[in-house]
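Peer 1: Top to bottom, those sequences are chains A and B.
Position in the first sequence (from 1) plus 498 gives the number in my numbering.
Position in the second sequence (from 1) plus 11 gives the number in my numbering.
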Amino acid sequence: MIEIKNVSTSYDGEIEILDQLSLEVKDGEFVSIVGPAGAGKSTLLRLLTREIKPTSGEVIVDGVDIAGISSREVPLLRRKIGTVFQDFKLLPSRNAFENVAFALEVVGAKNAEIADDVPKVLHIVGLSDKISSFPHQMSGGEKQRLAIARALIHRPRIILADEPTGNLDLVNSYDVLKLLMKINELGTTVIMVTHNRDLVNAVGKRVITMEKGRIVRDQVEQGKYII
Amino acid sequence: MRQALNRIFHAGWTNFKRNSYVTVGTTGVMTLVLLLFLSLMALNFVSNTIVSSLQEKVDISVYFKTTAAEEEIAAVQDDLEAFEGVRGVQYVSRDQALEEFKQRHAGNALINESLAELEGNPLQASLNVKALSTEQYATIATFLEGNRFRSSIDKINFYENEAVIQRIERITNGLRNSGFLATLVLSMIAVLVTFNTIRLTIYNQKQEIEIMRLVGGSNRHVRLPYLVEGGLYGLFAALISLSIFYPAVYYASPRIARLMPDVNTFSYFAQHSWQFVLLIAGIGVMLGIVSSFIAIRRFIKI
Chain A
499 MIEIKNVSTS
509 YDGEIEILDQ
519 LSLEVKDGEF
529 VSIVGPAGAG
539 KSTLLRLLTR
549 EIKPTSGEVI
559 VDGVDIAGIS
569 SREVPLLRRK
579 IGTVFQDFKL
589 LPSRNAFENV
599 AFALEVVGAK
609 NAEIADDVPK
619 VLHIVGLSDK
629 ISSFPHQMSG
639 GEKQRLAIAR
649 ALIHRPRIIL
659 ADEPTGNLDL
669 VNSYDVLKLL
679 MKINELGTTV
689 IMVTHNRDLV
699 NAVGKRVITM
709 EKGRIVRDQV
719 EQGKYII
Chain B
12 MRQALNRIFH
22 AGWTNFKRNS
32 YVTVGTTGVM
42 TLVLLLFLSL
52 MALNFVSNTI
62 VSSLQEKVDI
72 SVYFKTTAAE
82 EEIAAVQDDL
92 EAFEGVRGVQ
102 YVSRDQALEE
112 FKQRHAGNAL
122 INESLAELEG
132 NPLQASLNVK
142 ALSTEQYATI
152 ATFLEGNRFR
162 SSIDKINFYE
172 NEAVIQRIER
182 ITNGLRNSGF
192 LATLVLSMIA
202 VLVTFNTIRL
212 TIYNQKQEIE
222 IMRLVGGSNR
232 HVRLPYLVEG
242 GLYGLFAALI
252 SLSIFYPAVY
262 YASPRIARLM
272 PDVNTFSYFA
282 QHSWQFVLLI
292 AGIGVMLGIV
302 SSFIAIRRFI
312 KI
């Protein structure tokens with residue numbers, strides 16, 4: 499599913515962010531990535547969405563080295579992936595329905611399909627009553643659930659979650675985690691970057707620990723948060 | 012295809028509607044810019060009318076000796092009409108000249124008596140020559156100097172009017188050049204102001220554009236609604252500026268006519284109203300679209 503081979507990235511060719519990193523993630527896995535700030539965790543996710551390119555190495559998603567794809571192909575890659583961010587990244591001028599619908603519009607879904615699927619996914623994340631609300635009218639937890647709904651709507655094979663609970667309280671954090679685990683149970687690969695020890699320990703699946711751009715620990719089963 | 016177009020227009024319209032402060036600000040600035048364009052057009056019209064009416068007043072007359080034969084005068088007229096730069100030649104015979112003179116002085120007993128005492132017609136036949144432009148009068152005068160019937164010509168009044176003609180020429184050229192320069196400079200300022208306003212509007216939505224890209228929006232999905240939004244600013248600005256401009260011209264037109272009777276500004280703009288509506292709407296929409304297009308390029312690279 500995802501294969502990262504000897505990848506290095508740097509800013510301005512000087513400061514190394516990732517250093518000869520290699521990693522393989524299988525279809526349907528739930529992977530938590532932990533590590534201190536500046537370890538390169540978010541950079542790893544940004545490589546997978548082609549926000550940045552590696553300075554060397556290969557990033558293979560679904561059999562394609564995405565470092566080499568053209569800028570026209572980047573949207574096609576992103577449509578295979580659902581992304582959840584710490585700061586939600588919702589479209590402020592669009593309501594909940596329209597935020598989720600946008601992810602379907604870009605894949606060319608029909609209006610009937612959008613009208614049918616969006617309320618369903620909003621129901622799954624518990625936002626049926628917020629369908630016409632704008633992001634500024636929602637709480638942090640609601641915004642993140644909306645972001646997850648958007649990430650789910652086009653049934654991606656991979657969900658990348660970058661500090662999805664970073665701005666949430668404990669109750670909301672667990673809600674979001676439960677959602678991500680449910681998505682994973684349905685067969686979607688989930689890669690979550692987090693600082694939240696309790697959440698990682700609650701998942702109890704594969705945990706990768708990063709430091710200074712390298713993987714220093716990879717607990718494939720029953721992983722715990724260890725730094 | 013139709014569904015995609017609908018979505019693009021719907022998204023553009025939604026952006027336009029929901030960002031009400033930005034919409035009012037941007038449309039307001041563009042309205043001022045388009046009003047500036049319209050005012051420049053009105054100024055150009057007024058100054059062009061003044062220039063042509065001044066030029067209309069200028070001509071030169073060639074007076075023939077009383078002994079000159081009609082055929083000679085006709086030959087000179089033919090020569091003139093064939094000469095490049097001549098717009099028209101009007102022949103005034105001696106009898107016509109006398110008739111006009113009498114009419115002009117019908118109430119003047121002294122002149123009438125003096126005329127009655129004269130045996131023949133003292134007035135000369137003449138040709139009134141109008142050129143295509145004032146600069147050509149000197150050439151026409153020189154051409155007449157070298158004419159085969161020069162000996163039948165008594166005088167060419169170009170030399171008496173030369174100073175006035177040259178002055179009118181200087182004024183009209185000055186008006187034209189300064190009008191052109193002002194239009195050019197102000198148009199450039201207007202385009203820059205519009206571009207900058209739209210750039211700021213788009214900059215406000217930078218985050219939104221980046222998010223669209225991150226959830227898999229292609230350039231087309233992200234860009235086209237903003238182009239529609241830019242076009243809508245231009246279209247609404249055009250409608251507002253036209254609905255301010257026409258009543259303003261209607262109000263100002265009689266006042267301008269009082270100063271310059273030849274100039275009927277409102278009737279000119281009313282006669283060409285469709286052209287002006289299309290032109291201003293076209294300028295507004297194009298300015299909006301092109302400015303959005305340039306502004307969005309920077310943020311679409313993610």
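Note that beta-carbon positions come from the ideal geometry of N, C-alpha and C, so glycine has one too.
Going by beta-carbon coordinates alone, are glutamate 221 of chain B and phenylalanine 310 of chain B separated by less than 9 Å?
Peer 2: Yes, Cβ-Cβ distance for glutamate 221 of chain B and phenylalanine 310 of chain B is below 9 Å.
Peer 1: Shortest alpha-carbon distance to alanine 306 of chain B belongs to which of B:Phe160, B:Gly157, B:Tyr214?
Peer 2: Residue B:Tyr214 is the option with its Cα nearest to alanine 306 of chain B.
Peer 1: Would you mind reading off the limits of the alpha helix (DSSP H) that contains leucine 678 of chain A?
Peer 2: Counting along the chain, the alpha helix (DSSP H) containing leucine 678 of chain A begins and ends at 668-683.
Peer 1: Roughly how many whole angstroms lie between the Cα atoms of threonine 194 of chain B and methionine 52 of chain B?
Peer 2: Between threonine 194 of chain B and methionine 52 of chain B, the C-alpha separation is close to 8 Å.
Peer 1: DSSP state of glycine 241 of chain B, grouped into three classes?
Peer 2: Glycine 241 of chain B falls in the helix class under three-state DSSP.
Peer 1: Is there at least one Cβ from chain B nearer than 9 Å to alanine 601 of chain A's Cβ?
Peer 2: It does: the Cβ of alanine 601 of chain A has a partner Cβ on chain B nearer than 9 Å.
Peer 1: In the structure shown, what three-state DSSP assignment does asparagine 522 of chain A receive?
Peer 2: A small fix is needed here, since residue 522 of chain A is glutamate in this sequence, not asparagine. Correct three-state label for glutamate 522 of chain A: strand.
Peer 1: Under 8 Å by Cβ, that's how I've got aspartate 165 of chain B and glutamine 135 of chain B pegged, so tell me the actual separation to the nearest angstrom.
Peer 2: With a Cβ gap of about 6 Å, aspartate 165 of chain B and glutamine 135 of chain B count as contacting.
Peer 1: Tell me which residues share the same chain as phenylalanine 595 of chain A and place their Cβ nearer than 6 Å to its Cβ, disregarding the 5 neighbours each side in the sequence.
Peer 2: If we look at phenylalanine 595 of chain A and ignore the five residues flanking it on each side, its Cβ neighbours are Val616, Ile629.
Peer 1: Report yes if the CB atom of serine 689 of chain A is closer than 9 Å to the CB atom of isoleucine 657 of chain A, and no otherwise.
Peer 2: At residue 689 of chain A the sequence reads isoleucine, which differs from the serine that was named. Going by C-beta atoms, isoleucine 689 of chain A is nearer than 9 Å to isoleucine 657 of chain A.
Peer 1: Is the Cβ-Cβ distance between valine 619 of chain A and valine 604 of chain A less than 9 Å?
Peer 2: Contact: no.
Peer 1: For histidine 693 of chain A, which of A:Ile706, A:Glu527, A:Thr687, A:Thr686 has the nearest alpha-carbon?
Peer 2: It is A:Ile706 whose Cα lies nearest to the Cα of histidine 693 of chain A.
Peer 1: Which ranges does the alpha helix (DSSP H) cover as unbroken runs of at least 4 residues, wholly within the segment 214-238 of chain B, from first to last along the chain?
Peer 2: Runs found: 217-225.
Peer 1: Closer than 8 Å by beta-carbon distance: list the chain A residues that pair up with glutamine 14 of chain B, in chain order.
Peer 2: Correct list: Lys608, Asn609.
Peer 1: What distance in whole Å lies between the Cβ atoms of valine 505 of chain A and leucine 519 of chain A, which are believed to be in contact at a cut-off of 8 Å?
Peer 2: Between valine 505 of chain A and leucine 519 of chain A the Cβ distance is about 5 Å, and since that is below 8 Å, they are a contact.
Peer 1: By a C-beta neighbour count over all protein chains shown, 10 Å radius and 16 as the cutoff for buried, is glutamate 522 of chain A buried or exposed?
Peer 2: It is exposed - the Cβ of glutamate 522 of chain A has fewer than 16 other Cβ atoms within 10 Å.
Peer 1: Within the present structure, is the beta-carbon of lysine 641 of chain A separated from the nearest heavy atom of the ligand MN by less than 8 Å?
Peer 2: By its list of ligands, the structure shown contains no ligand whatsoever, and the ligand MN lies outside what it can speak to.
Peer 1: For the segment 139-220 of chain B, list the alpha helix (DSSP H) runs that are entirely contained and at least 4 residues long, ordered along the chain.
Peer 2: If we require 4 residues or more, the alpha helix (DSSP H) runs fully inside the segment 139-220 of chain B come out as 148-156, 169-215.
Peer 1: Leaving out five residues on either side along the sequence, give the residues of the same chain with a beta carbon under 7 Å from the beta carbon of alanine 565 of chain A.
Peer 2: Excluding positions up to five away in sequence, the list reads Lys551, Pro552, Glu556, Val557.
Peer 1: Leucine 246 of chain B and alanine 201 of chain B look like a contact to me (Cβ under 8 Å); what is the Cβ gap, rounded to whole Å?
Peer 2: At roughly 17 Å, the Cβ-Cβ gap does not stay under 8 Å, so leucine 246 of chain B and alanine 201 of chain B are not in contact.
Peer 1: Starting from serine 31 of chain B, find everything on chain A with Cβ-Cβ shorter than 9 Å and list it in chain order.
Peer 2: Result: empty, since nearest Cβ-Cβ is about 11 Å, beyond 9 Å.
Peer 1: With DSSP run on the structure shown, which of helix, strand or coil describes valine 616 of chain A?
Peer 2: Note: valine 616 of chain A maps to helix in three-state DSSP.
Peer 1: Have a look at leucine 184 of chain B and asparagine 59 of chain B and give me their C-alpha separation to the nearest angstrom.
Peer 2: A small correction: the amino acid at residue 184 of chain B is asparagine; leucine does not occupy that position in the sequence shown. One C-alpha to the other measures close to 11 Å.
Peer 1: According to DSSP, is alanine 292 of chain B helix, strand or coil?
Peer 2: DSSP places alanine 292 of chain B in helix when its eight states are reduced to three.
Peer 1: Touching or not, the segment 17-29 of chain B and the segment 711-723 of chain A, by the rule of three or more beta carbon pairs under 8 Å?
Peer 2: With the cut-off at 8 Å, the segment 17-29 of chain B and the segment 711-723 of chain A do not touch.
Peer 1: Relative to the alpha-carbon of serine 72 of chain B, which residue among B:Glu173, B:Arg231, B:Glu240, B:Arg210 has its alpha-carbon at the smallest distance?
Peer 2: For serine 72 of chain B, the nearest C-alpha among the options comes from B:Glu173.
Peer 1: Is the beta carbon of glutamate 527 of chain A sitting closer than 9 Å to the one on arginine 704 of chain A?
Peer 2: Yes, Cβ-Cβ distance for glutamate 527 of chain A and arginine 704 of chain A is below 9 Å.
Peer 1: When DSSP labels each residue in this structure, what does tyrosine 32 of chain B get in the three-state scheme?
Peer 2: Reduced to three states, the DSSP call for tyrosine 32 of chain B is helix.
Peer 1: Anything in the segment 577-596 of chain A with a Cβ closer than 9 Å to a Cβ of chain B? List those residues in chain order, please.
Peer 2: Those would be Arg577, Lys578, Ile579, Gly580, Thr581, Phe583, Lys587, Leu588, Leu589, Pro590, Ser591, Arg592, Glu596, in chain order.
Peer 1: Name the chain A residues whose beta carbon is nearer than 7 Å to that of arginine 309 of chain B?
Peer 2: Those within 7 Å of arginine 309 of chain B in chain A number zero; the least Cβ separation is about 14 Å.
Peer 1: Glutamine 14 of chain B: buried (16+ other C-beta within 10 angstroms of its C-beta) or exposed?
Peer 2: Classification for glutamine 14 of chain B: exposed.
Peer 1: How about aspartate 660 of chain A and valine 691 of chain A: are their beta carbons less than 9 Å apart?
Peer 2: Yes, they are a contact pair.
Peer 1: By DSSP, does asparagine 275 of chain B sit in helix, in strand, or in coil?
Peer 2: Correct three-state label for asparagine 275 of chain B: coil.
Peer 1: Would you mind working out which of B:Phe304, B:Ala85, B:Leu143, B:Asp90 sits nearest valine 103 of chain B, comparing C-alpha positions?
Peer 2: Among B:Phe304, B:Ala85, B:Leu143, B:Asp90, the Cα nearest to that of valine 103 of chain B belongs to B:Ala85.
Peer 1: Would you say valine 605 of chain A reaches chain B, if we count a Cβ-Cβ gap shorter than 9 Å as a contact?
Peer 2: Taking Cβ atoms only, chain B reaches closer than 9 Å to valine 605 of chain A, which makes this a yes.
Peer 1: Name, in chain order, the residues that DSSP records as bridge partners for methionine 754 of chain A.
Peer 2: Any property of residue 754 of chain A remains undetermined from this structure, which presents chain A solely from 499 to 725.
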